[in-house]
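Engineer: Input: one structure, supplied below.
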Amino acid sequence: MNTTDKNSEFILNWSPLKKCLLMLSMALLIHGDWLVWKLYIYFTPELWSFVNIQLLLNQLLLNLLILPALALLMLLCWILQGSKRAEVILPYVSVMAFGLSMSRDAYLSGVMCPATSMTFMVSMIVGLFLFRRSVIYSAALVTVGIFTWIMWLTLRSELPYAPLFIPLIPVDPTESSIFWTASMLWFILPVFIGGLVLLELLLSQWRQREKKVEVLSQVDPLTTLYNRRTIYDFLEILLAKRYTDHRLHALILLDLDYFKQINDSYGHTIGDKALVETANVLKRTIRSEDIVGRFGGEEFIIVVANTSYQQTQQIAERCRNELAKLKVQGDHGEEVVVTASFGITHFDCNITSLDTVLKQADEALYHAKNLGRNQVVHYQDYLKQTGQAEH
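One point on numbering: in the UniProt record's numbering, the residue at position 362 of the sequence shown is 362, and numbering is uninterrupted.
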C-alpha cells in the first residue's frame, strides 16, 4: 500500500462530504436509539403512566420522518462527492441538520438533562475534529439559541420543562425517578461509548499524523535519510558541548562523481535511483551510532561522533569501496557505475562555528575531485598538499 492510500485511511484526511456521511451516521444512530426507546414504551402499556404518551406518539411519528430525511441527505452527500461547491455547502447543511434534528427531542426530555448535555458536547468535540470551526460554530450557535429560547420560555412558565416526562396521571415519585434514571442511562450510554471510541480513534490518528509530519520535517523524502536541517541541528548540539565534552568528532562530506552525466545520459529516474541506492549503501556501511543525511543534490553528509582520525578514515574508505561496487540498473538493463569523492574534517573544542566545519570538509571534498575523483581526502592532508599546513 502506498503512502497516499495510507493517508486516506485517516478519518482526519477524509473529504468534507465523507466526514458529513460520518456525522449523519451518528445522527441516525442517536435517533435510532431514541426510536427504540419510544417503541419500547409504546409496546409496554404499564410504562405509559410515566410519560406523556400523546407527546411520545407525536414525536415517534416525527422521528420516523427525520430518519429518511437524514438518509436522503446522506445519499446527496454520497452522490455529490468530488463536487467542489458541494464540499463547501453540504458540511454546513449536514451539521445544521444534525443539530436541528436533535432539538425537539432535547426539549421533550429537558434541554438541561444529562442526555442532552452529553449528546451536545460529544457531537461538538467530534465535529471540531472533523470540520472547520465555522461549520461547527454556526450550527452550535443556532442550537444553543434554540435551547436558550426554550429555557427562557420555561422560566416564564410559557413552556413546561421536559414535557415528555410529565405524566398525565399522578405516579409514585420513587418509581418515576427510577424510570427517568433508566431512560437517561439508555440515552447516554450509546453516545458516551460511541463518542469515546470515535474520539480515541481521532486522537490516535491525530497523534500518528503529527508524528508523521515531524518525521517528514526531519528526513529527505527521496532517500529517507536525515535532511540538511536535522544534520545541522545534530552538529549544533555537538558544537555546543565542545567545552564540556573534549572528545573528537568528524564530518564526512561526499559528492557523487559525474552525477550530472548520469542524469543527462539515463534520465532523472535513474538518477533518483542512484541517489536512493547510495543512501542504502551508506546506511548499512556506517556505524550504528553515526548519522548520515542528504546534504542536497548529489551530496551526502556523515556525522561521526566520538571517533579518531584513523577510525574516520576507515569509515570513509569503507563507504567509498562499497559505493564503487554499486551498479544501478538502467531502463534497458545497462549498468550505471556510481562512485563518490569524500572530504573529511575533525572538530573539537577548538572549532568555533558550524560554518568552519562545513567549509573544511567542502575544501577537502573538492580537493578529492581535483585529484581525479573516487578518493578520500582529509582536510589536514589537503592543507599539507597545498602548502597551507602550519609548521
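Where is the CB? At the ideal position from N, CA and C, for every residue including glycine. Values in this document were obtained by computation on a predicted structure and should not be read as measured data.
Do the CB positions of ILE66 and SER101 come within less than 7 Å of each other?
Structural biologist: Yes.
Engineer: Measuring CA to CA, which of LEU21, TRP37 and ILE30 is closest to ILE79?
Structural biologist: Looking at the Cα atoms, LEU21 is the closest of the given residues.
Engineer: How would you write the range of the beta strand (DSSP E) that VAL292 sits in, first residue to last?
Structural biologist: Run containing VAL292: 291 to 296, per the beta strand (DSSP E) assignment.
Engineer: Could you give the residue range of the alpha helix (DSSP H) that holds ASP362?
Structural biologist: Segment 354 to 370, the alpha helix (DSSP H) holding ASP362.
Engineer: Is it right to say GLY99 is buried, meaning 16 or more other beta carbons lie within 10 angstroms of its own, or is it exposed?
Structural biologist: When all chains shown are included, GLY99 counts as buried.
Engineer: Can you tell which of PHE234, LYS283, LEU141 and VAL88 has the C-alpha that lies nearest to the C-alpha of SER103?
Structural biologist: For SER103, the nearest C-alpha among the options comes from LEU141.
Engineer: Take every Cβ of the segment 268 to 278, pair it with every Cβ of the segment 368 to 376, and state whether three or more of those distances are shorter than 8 Å.
Structural biologist: Touching, no.
Engineer: Is it the case that the Cβ atoms of CYS77 and LEU12 are separated by a distance below 7 Å?
Structural biologist: In this structure, LEU12 does not lie closer than 7 Å to CYS77 by Cβ.
Engineer: Identify the continuous alpha helix (DSSP H) that holds THR345 and give its terminal residues.
Structural biologist: From DSSP, THR345 is part of no alpha helix (DSSP H) but of the beta strand (DSSP E) over 340 to 347.
Engineer: What are the start and end residues of the beta strand (DSSP E) that includes LEU251?
Structural biologist: First-last of the beta strand (DSSP E) with LEU251: 249 to 256.
Engineer: Can you give the Cα-Cα distance for HIS346 and ALA324, rounded to whole angstroms?
Structural biologist: If I take the Cα positions, the gap works out to 24 Å.
Engineer: Secondary structure at HIS246, three-state DSSP: helix, strand or coil?
Structural biologist: Looking at HIS246 - three-state DSSP - the assignment turns out to be coil, as it is neither helix nor strand.
Engineer: Could you work out which residue in THR223, ASN280, ILE89 and THR285 is closest to GLY296 when comparing CA atoms only?
Structural biologist: The shortest Cα separation from GLY296 among THR223, ASN280, ILE89 and THR285 belongs to THR223.
Engineer: For the beta strand (DSSP E) containing ILE301, name the first residue and the last one.
Structural biologist: Per DSSP, ILE301 belongs to the beta strand (DSSP E) from 299 to 304.
Engineer: Short check: CB of ILE302 to CB of ILE286, under 7 Å?
Structural biologist: Yes.
Engineer: With a threshold of 8 Å, are at least 3 pairs of Cβ atoms found where one atom belongs to the segment 309 to 316 and the other to the segment 217 to 237?
Structural biologist: Flag = no, the segment 309 to 316 and the segment 217 to 237 do not touch.
Engineer: Relative to the C-alpha of SER341, which residue among VAL377, LYS84 and ARG228 is closest?
Structural biologist: Looking at the Cα atoms, VAL377 is the closest of the given residues.
Engineer: Taking three-plus beta-carbon pairs below 8 Å as touching, is the segment 123 to 130 in contact with the segment 80 to 90?
Structural biologist: Flag = no, the segment 123 to 130 and the segment 80 to 90 do not touch.
Engineer: Identify, in the order they occur along the chain, each residue of the same chain with its Cβ nearer than 6 Å to the Cβ of ASP33, setting aside the five sequence neighbours on each side.
Structural biologist: Around ASP33: PRO190.
Engineer: Within the continuous beta strand (DSSP E) that includes VAL144, where are the two ends?
Structural biologist: It is not in any beta strand (DSSP E) - VAL144 instead sits in the alpha helix (DSSP H) that spans 133 to 155.
Engineer: From the beta carbon of ASP257, is the nearest beta carbon of chain D less than 7 Å away?
Structural biologist: Note that chain D does not occur in the displayed structure, where there is just one protein chain.
Engineer: Could you check the C-alpha separation between TYR366 and LEU202 for me, to the nearest Å?
Structural biologist: TYR366 and LEU202: Cα-Cα distance of roughly 51 Å.
Engineer: Assign GLU363 to one of two classes, buried (16 or more other C-beta atoms within 10 Å of its C-beta) or exposed (fewer than that).
Structural biologist: Classification for GLU363: buried.
Engineer: Can the beta-carbon of PHE165 be found closer than 7 Å to that of TRP180?
Structural biologist: Yes.
Engineer: Looking at GLU335 and LYS327, is the spacing between their C-beta atoms short of 7 Å?
Structural biologist: Yes.
Engineer: VAL93 and ILE136 look like a contact to me (Cβ under 8 Å); what is the Cβ gap, rounded to whole Å?
Structural biologist: Actually they do not touch by this definition, with Cβ atoms about 13 Å apart.
Engineer: So, helix, strand or coil for GLU335, using DSSP?
Structural biologist: In the structure shown, GLU335 sits in a strand (DSSP, three-state: E or B).
Engineer: Excluding the 5 residues flanking GLU289 on each side, which residues of the same chain have their C-beta closer than 8 Å to its C-beta?
Structural biologist: So the list reads ALA305 and ASN306, once near-sequence residues are dropped.
Engineer: With a CB to CB cut of under 7 Å and the five nearest residues on each side skipped, what residues in its chain are close to GLY330?
Structural biologist: So the list reads TYR266, ILE270 and VAL336, once near-sequence residues are dropped.
Engineer: Span of the alpha helix (DSSP H) holding GLN261?
Structural biologist: Counting along the chain, the alpha helix (DSSP H) containing GLN261 begins and ends at 259 to 266.
Engineer: Beta strand (DSSP E) containing GLN329: first to last residue?
Structural biologist: 327 to 329 is the span of the beta strand (DSSP E), which, as asked, contains GLN329.
Engineer: Is VAL219 helix, strand or coil when you go by DSSP?
Structural biologist: It is a strand residue.
Engineer: Please classify THR386 as buried or exposed, where buried requires at least 16 other C-beta atoms within 10 Å of its C-beta.
Structural biologist: With fewer than 16 Cβ atoms within 10 Å of its Cβ, THR386 is classed as exposed.
Engineer: Can you tell me which of the three DSSP states TYR161 falls into?
Structural biologist: TYR161: coil per DSSP, three-state reduction.
Engineer: Please work out which residues of its chain come closer than 8 Å, Cβ to Cβ, to ASP172, disregarding the five sequence neighbours upstream and downstream, and give them in chain order.
Structural biologist: For ASP172, where only same-chain residues beyond five positions count, there are no Cβ hits under 8 Å.
Engineer: In whole angstroms, what separates the C-alpha of PRO45 from that of LEU199?
Structural biologist: Spanning the two alpha carbons is a distance of roughly 38 Å.
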